Amino acid sequence: MSGKYEMTVGIECHVQLATRTKLFSAVDNDAREKEPNACVSPVDYALPGMLPLLNARAVELAVRAGYALGAKINQRSHFDRKHYFYPDLPKGYQTSQFYKPIIGEGKVVLANGHEVRVEHAHLEEDAGKLTHFGDYSLVDLNRAGTPLLEIVSMPDIHSAEDARLYAEELWRLMTYAGVSYGDLYHGNMRFDVNISVAPVGAKKLGTRVEIKNLNSFRSVERAAAYEFGRQTELIEAGRGGEIRQETRGWSDATGKTTAQRSKEQAQDYRYMPDPDVPPLNLAEEYIAGVLAEMPKLPEDYRAAFREAGVPSEIVELILDRQSYAELLMAVLEESDAATGKIVANWLASVVMDEAPTAEQLLELAKMVQGSEVSQTAAKELLVNFSDGKTARELAKEMNLLQENDDAALEKIIDGVMASPAAAAAVADVRAGEMKAVGFLIGLIMKESGGKANPARARELLLKKLG
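Residue numbers for the sequence shown follow the working numbering, so the first one is 134 and each next one is one higher.
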């Protein structure tokens, strides 16, 4: 049934900017551990006589975001008032950018190569937070006035998987550029997924439904998939008219969306220029100065890692941790591609509470290449590194250095071959039954305390067995 229909998705992402203070007031912007309504000022309440003062750091981070999105950065932009009444917005309007946003058209290239256009991105302040308790609600205004950058995509997404990949890549871009801390659990980035369904090849899109405030990549994918199925079923049942333009909420627990309210149109907000915030004029020199300080972005790392021959699936796993991407880059700058691949596999597969330094990783990789430690031992060392210790010092301390002395290895092998436990396996190997070699190697490793080099032990064992 779904093969007859196509989903069309556009995503609006609210990115909380990594500033110390709010967008228009000198109040702490990090309210995670604060008491409710502790991080608020008269400006946030819009009390009479209180005038907003634009946060310069927020403007700088918006310029960074524009560069990360490959977008046009508008030298002139201005703020508008978006009017609506809600208990968590005491001003009665939200200061936003509607007519002339700071960032113009850009794009996001997904990990699978698909390209999603960005329509624009604009600065705005956040509202507060409502917590509902049955027949009453409590308001926390700590979040009111928090600086946000709302990034609006074009409807270029046509699968739930691509919706997730877009959210993931946008998160990478904003965190690598230093625009946001990217803490999804605390709402640093929230995704509103707009989805419509229409027959494949149709020139007119279906009725658009918005799913609000998704804060995980998995939720973006699941919500898009569910809503596609819900709308498809209504169309198939001949009830396409029942698909209303509305805002729906998502429940991770039930895996379903539920109606919340009818979707407002732009005219419902009565946008008007904000008379209290002057237009923003950015000189070319200012923009160039901000961009000169830009850190490496995900695509910079991808290009370097691919050139070193690191498989694309490993690259994407490493890019999920910016600190790991920086580590691998530092390793590649001081070593060859073979060493880089060893380190890349570790970074993609080993969970480390405290990441080692590039120097420690380089030394450990060379020890593996020189058969001084096994891959298994290396992974054990990776989770036990501490400041100041070299890989060799830690390997000695943990008794993980491999035994590569042939004389010592031959003595262990002779002892194993002579033991009653190995008699049957020795006879099998001499009779051509090579499966028994593995059993003998296991005995050798046990006898050596795991320190024997398995490859060299196998060579010497087979030589002795003829």
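Quick reminder that beta carbons are idealized off the backbone N, C-alpha and C, glycines included.
A quick note: this is a predicted structure, and the numbers were derived from the prediction, not measured.
TODO: Out of Leu497, Asn517 and Phe518, state which residue places its alpha-carbon closest to the alpha-carbon of Gln508.
DONE: Here residue 508 refers to the residue found at position 375 of the sequence shown. A check of alpha carbon separations from Gln508 across Leu497, Asn517 and Phe518 identifies Leu497 as the nearest.
Task: Ala471 beta carbon less than 8 Å from that of Phe438 - done: Reading the sequence shown from its first residue, position 305 is the one you call residue 438. Reading the sequence shown from its first residue, position 338 is the one you call residue 471. The Cβ-Cβ distance between Phe438 and Ala471 does not fall below 8 Å.
- [ ] Please list, in chain order, all residues of the same chain as Arg276 whose beta carbon is under 6 Å from its beta carbon, the five residues on each side excluded.
- [x] Locating residue 276 in the sequence shown gives position 143, where the first residue counts as 1. For Arg276, where only same-chain residues beyond five positions count, the Cβ hits under 6 Å are Asp259, Gly261 and Lys262.
Open item on the list: What ranges does the alpha helix (DSSP H) occupy inside the stretch 176-201, keeping only unbroken runs of at least 4 residues that lie completely in it?
Closed with: For the alpha helix (DSSP H) assignment, the uninterrupted runs of no fewer than 4 residues enclosed by the stretch 176-201 are, from N- to C-terminal side, 189-201.
Open item on the list: Would Val148 and Met405 qualify as a contact pair, given that the criterion is a beta-carbon distance under 8 Å?
Closed with: The residue labelled residue 148 in the question sits at position 15 within the sequence shown. The residue labelled residue 405 in the question sits at position 272 within the sequence shown. Not a contact, by the Cβ cut-off of 8 Å.
Open item on the list: Suppose contacts are defined by Cβ-Cβ distances below 8 Å. Is Val330 in contact with Ile344 by that definition?
Closed with: Counting from 1 along the sequence shown, the entry for residue 330 is found at position 197. Counting from 1 along the sequence shown, the entry for residue 344 is found at position 211. Between Val330 and Ile344, the CB-CB gap reaches or exceeds 8 Å.
Open item on the list: Using a Cβ-based criterion (distance less than 7 Å to any ligand heavy atom), does Lys389 qualify as near the ligand FMN?
Closed with: No copy of the ligand FMN occurs in the structure displayed, which carries no ligand at all.
Task: Through-space distance from Ile368 to Leu184, alpha-carbon basis - done: Reading the sequence shown from its first residue, position 51 is the one you call residue 184. Reading the sequence shown from its first residue, position 235 is the one you call residue 368. Approximately 51 Å between the Cα atoms of the pair.
Task: For Met531, the nearest candidate out of Ser552, Lys240, Gly582 and Ala540 (CA to CA) - done: For the purposes of this step, residue 531 is taken as the residue at position 398 of the sequence shown. Of the candidates Ser552, Lys240, Gly582 and Ala540, the one whose C-alpha sits nearest the C-alpha of Met531 is Gly582.
Open item on the list: Please classify His265 as buried or exposed, where buried requires at least 16 other C-beta atoms within 10 Å of its C-beta.
Closed with: For the purposes of this step, residue 265 is taken as the residue at position 132 of the sequence shown. Around the CB of His265, fewer than 16 other CB atoms lie within 10 Å, so the residue is classed as exposed.
Task: Secondary structure of Gly239, DSSP reduced to three states - done: On the sequence shown, position 106 is the one that residue 239 refers to. Here Gly239 carries a strand assignment [DSSP, helix/strand/coil].
Task: Touching by the beta-carbon criterion (3+ pairs, under 8 Å), the stretch 223-242 and the stretch 197-213 - done: Touching, yes, given that three or more Cβ pairs across the two stretches are closer than 8 Å.
TODO: Give, in chain order, every unbroken run of the beta strand (DSSP E) that is at least 3 residues long and sits entirely within the stretch 381-420.
DONE: Segments of the beta strand (DSSP E) lying fully in the stretch 381-420: 389-395.
Open item on the list: Tell me the rounded alpha-carbon separation between Arg250 and Thr308.
Closed with: In the sequence shown, residue 250 corresponds to position 117, counting from 1. In the sequence shown, residue 308 corresponds to position 175, counting from 1. Between the C-alpha atoms of Arg250 and Thr308 there is a straight-line separation of about 19 Å.
Open item on the list: If I measure Cβ to Cβ from Tyr232 and keep anything under 8 Å in the same chain, skipping five residues before and after, which residues do I get?
Closed with: Taking the first residue of the sequence shown as position 1, residue 232 is located at position 99. Excluding sequence neighbours, Tyr232 sits near His211, Asp213, Tyr404 and Pro406.
Task: Continuous alpha helix (DSSP H) assignments of at least 4 residues falling wholly in the stretch 508-566 - done: Entirely contained in the stretch 508-566, the alpha helix (DSSP H) runs reaching 4 residues are, in chain order, 508-515, 524-530, 539-551 and 556-563.
TODO: Pull up the distance between the alpha-carbon of Gly339 and that of Ala370, whole angstroms please.
DONE: Along the sequence shown, one-based indexing puts residue 339 at 206. Along the sequence shown, one-based indexing puts residue 370 at 237. Their Cα atoms are separated by approximately 15 Å.
Task: Terminal residues of the beta strand (DSSP E) in which Val326 lies - done: In the sequence shown, residue 326 corresponds to position 193, counting from 1. From DSSP, the beta strand (DSSP E) with Val326 extends over Met322 to Pro332.
Task: Beta-carbon proximity check, Lys597 vs Met550, cutoff 8 Å - done: By 1-based counting over the sequence shown, the position of residue 597 is 464. By 1-based counting over the sequence shown, the position of residue 550 is 417. With contacts defined by Cβ atoms closer than 8 Å, Lys597 and Met550 form a contacting pair.
Task: Buried versus exposed, by CB contacts within 10 Å (16 or more), Gln230 - done: Position 97 of the sequence shown, counted from the first residue, corresponds to residue 230. By the 10 Å Cβ count, Gln230 comes out buried.
Open item on the list: Buried or exposed for Leu180, going by 16 or more other Cβ atoms inside 10 Å?
Closed with: Along the sequence shown, one-based indexing puts residue 180 at 47. The residue in question, Leu180, is exposed, as its Cβ has fewer than 16 Cβ neighbours within 10 Å.
- [ ] Taking only beta-carbon positions, decide if Leu303 is within less than 8 Å of chain D.
- [x] Going by chain labels, chain D is absent from the structure shown, which holds only one protein chain.
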